[in-house]
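Asker: Residue 136 in UniProt numbering is what sits at position 136 of the sequence shown, and the numbering runs on without skipping anything. We treat Cβ as the ideally placed atom computed from N, Cα and C, and that holds for glycine.
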Amino acid sequence: MAAEYCQPITTSKWRTHTRTRIHTRIAYLSVGASSQSSMDDKVFKQLGMFSLRKKIDDAVLRAEMLAPPALQLEEDRRFRREEKIRDYDLWDDPVKSNEILAKFADSTKVVDALKDLRYKIEEAKLIKELAETDAVNYRLFKQAYMASVDATNFLDWYQMSKLFRSSYDMHGASLVITAGDRGICSEIWAEHLLKMYVNWAEKKGHKGRVLEKYSLKGGGIKSATIEFEFEFAYGYLLGEEGVHHMLGSPNGSTVDEASQAAVEVTPLFLDTVPDLTIDDKDLIVSYTSSSETENQPVASVVYIEHVPTGISVQSSGERNKFTNKVKALNRLKAKLLVIMSEQGISDVSSITRDAIMDIWKRDTRVYKLHPNKVVEDLKTGVQLCDLNSVLNGYIDPFVGAHVNLRHAALKVA
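#1: Quick one: give me the first and last residue of the beta strand (DSSP E) that T288 is part of.
#2: In three-state DSSP terms, what is Y367?
#3: Measuring alpha carbon to alpha carbon, tell me which of K327, A67 and G235 ends up nearest T272.
#4: Just to confirm my understanding: we take S186, look at its own chain, exclude 5 residues before and 5 after, and list those with CB closer than 7 Å. What are they?
#5: If I measure Cβ to Cβ from I339 and keep anything under 8 Å in the same chain, skipping five residues before and after, which residues do I get?
#6: Going straight from the alpha carbon of R56 to that of S148, what length do you get?
#7: Which residues does DSSP pair with H306 in a beta bridge?
#8: Thinking T380 and A401 are a contact (beta carbons under 8 Å), I'd like their distance in whole angstroms, please.
#9: How big is the Cα-Cα spacing for K195 and G220?
#10: D377 by DSSP, collapsed to three states: which one?
#11: Report back the beta-carbon spacing between E212 and G172 to the nearest angstrom; my notes put them in contact at under 8 Å.
#12: In angstroms with no decimal places, state the Cα-to-Cα distance between I345 and T266.
#13: Would you please state the rounded distance, in angstroms, between the beta carbons of I304 and L332? I believe it to be under 8 Å.
#14: Below 7 Å CB to CB, which residues in the same chain sit around E294 once its five sequence neighbours on both sides are set aside?
#15: Can you list, in chain order, the residues of its chain with a C-beta nearer than 8 Å to that of M85? Leave out the 5 residues immediately preceding and following it.
#16: By Cβ distance, which residues of its chain are closer than 6 Å to Y376, with the 5 residues on each side in sequence left out?
#17: Following the continuous beta strand (DSSP E) through F228, name the residue where it begins and the one where it ends.
#18: Helix, strand or coil: which one does DSSP assign to T272?
#19: Beta-carbon within less than 6 Å of A233's beta-carbon, same chain only, minus the 5 sequence neighbours each way: which residues are those?
#20: Cα separation between Q343 and E122?
#21: Specify the secondary structure class of Y214 as computed by DSSP and reduced to three states.
#22: Taking C-beta to C-beta, are K321 and S300 nearer than 8 Å?
#23: Whose CA, out of V198, N199, K120 and I177, lies closest to the CA of W189?
#24: By the three-class DSSP mapping on this structure, what secondary structure does M357 have?
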């Protein structure tokens, strides 16, 4: 059934120290906030305080329920990984050693973040309490709300990360958008998708780096490559892979159009290189230069084709031919590793070429401009009735639904 979206931390010495820090911070900020007019405070209280108070209370309650057991769990996990480092001879197997050390570093980051979460929640609670006694005004009350938003965002990330199970979910992501063959409308539509993903990353507090973009003089783009260099980007974005259909006209024309653009997502290995050896005789490498007639600066473009599978990649976003070749080769390896995982094999020579899914045969989402501006995800059935918000980067309901769908499928398997 389609889902519609049309509408106690214990007392301790740490708490005493935290409240002292927060009081000091509030006293400092109150000086700058005192210049706010009483009329502004009155209007704020009438129009916004009740809504913000409810959101703060909900965030605090959620954090107080989830943070303590999560912190205990992660501290235990970090302790076990620390013991493993002590017991393991790191010089015997450098690859395994790097994996162990990376996992320990990840555990340390999560533990530190959960401790910081406790501070944010204490801060939000204390400022809200003072706001209710008129000790602070709009600026500080808003600060309490922002602290609760930070806590909510972290808990969303933490809970979502526990659903990721694929070998590559934790890596960054390289996302390629390619316009369909229906002319200018598909090319304009592809540019809308590019902006949507860049905005999504910004809303998550990250950056989507547009590494390659083939713009057209008449408007729109032929293709673009975005790199998301943050943990779990691949796990988040994998559900976006496939064809995105736009029904209507993306350029405001009264003529109805049906436009398509394909989205392809591959892992982006942030701290390592893809662990795969490819025989040079299986590769065709060619070079060219992008043309200024395509509204692009002249750059070296490297194309690599893996002959046995027919998989091809390119890179032009780096400064020189050598770096572009390395980038293209890493993209190819990442693609092949995902295909090997999907086919359940460990040798690249065992890939069944006919079993490789054509990206243009995977329908992902339909964006309808009229009669109602509705976005429907074809994989999960989730529908959103605010097209403009989606195109502005609000794709979290789709992302979350797909992660849950994959998690459920893995549990059954």
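Answerer: Quick answer:
#1: L283 to S289
#2: strand
#3: K327
#4: A179, G180, S259, Q260 and A261
#5: T309, I311, I351 and I356
#6: Reading off the sequence shown, one finds Ile at residue 56, where the question assumed Arg. Rounded to the nearest angstrom, the two C-alpha atoms are 6 Å apart.
#7: L283 and I311
#8: 4 Å
#9: 11 Å
#10: strand
#11: Contact doesn't hold; Cβ gap of about 16 Å is too wide.
#12: 18 Å
#13: 5 Å
#14: With a pLDDT of 49 at E294, under the threshold of 50, the predicted position of this residue should be treated as unreliable, though the coordinate-derived value follows. Y214, listed in sequence order.
#15: The amino acid at residue 85 is misidentified as Met; the sequence shows Ile. If we look at I85 and ignore the five residues flanking it on each side, its Cβ neighbours are I100, L101 and F104.
#16: In the sequence as displayed, the identity of residue 376 is Glu instead of Tyr. Only V366 and Q383 meet the Cβ criterion.
#17: I221 to F228
#18: coil
#19: G172 and A173
#20: 49 Å
#21: strand
#22: yes
#23: I177
#24: coil
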